[in-house]
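Report on the structure given below.
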Amino acid sequence: MEGTVLTKALLISLYGVILVFVGILLLWGMMELLVRLTRKKEKQPSEEDKTLSDKSELTIKQKAAAAAVAAALSLQNSTTISVTPCKQENLSPWQSMHRGYRGLPNRKNTKRGSE
-18 MEGTVLTKAL
-8 LISLYGVILV
2 FVGILLLWGM
12 MELLVRLTRK
22 KEKQPSEEDK
32 TLSDKSELTI
42 KQKAAAAAVA
52 AALSLQNSTT
62 ISVTPCKQEN
72 LSPWQSMHRG
82 YRGLPNRKNT
92 KRGSE
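Numbering (the numbering used here), first residue to last: -18 to 96.
As structure tokens, this is what we get:
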């Protein structure tokens, strides 16, 4: 006998696992190739562009800091809005009954007549 059924099953499973990983690696390689072929080339910024971008970034940061200070000062000087108390609404019988039960201790539900 060449091999038992169990060894044949294990070999088939091993081949399947190897094929799955080879397939995953092939797909990964194809995606990498497509990304490299379709990616647009970025041109290298010159020294003048770097200094201009540094200056513009500095002015943007300065404007953001000024806006933050202005917002903080305006929040500090603002007053809170007070709500005027409105007249108390009339309670319905249902509401008054349930509000009365809030203060009572919890009781176990017992059947009447079985004390």
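Yeah, the Cβ is synthetic: ideal placement off N, Cα and C, and Gly gets one too. Small disclaimer: the values here were computed from a predicted structure and weren't measured.
Counting only the Cα atoms, residue 6 lies some 10 Å from residue 12. DSSP, reduced to helix, strand and coil, places residue 57 within a helical segment of the structure shown. Counting along the chain, the unbroken alpha helix (DSSP H) around residue 17 starts and ends at -14 to 19. In this structure, DSSP gives residue 70 a state outside helix and strand, which the three-state scheme calls coil.
C-alpha of residue -5 to C-alpha of residue 4: approximately 14 Å in a straight line.
Between the alpha carbons of residue 18 and residue 34 lies a gap of roughly 30 Å.
Residue 80 places its beta carbon less than 9 Å from that of residue 72.
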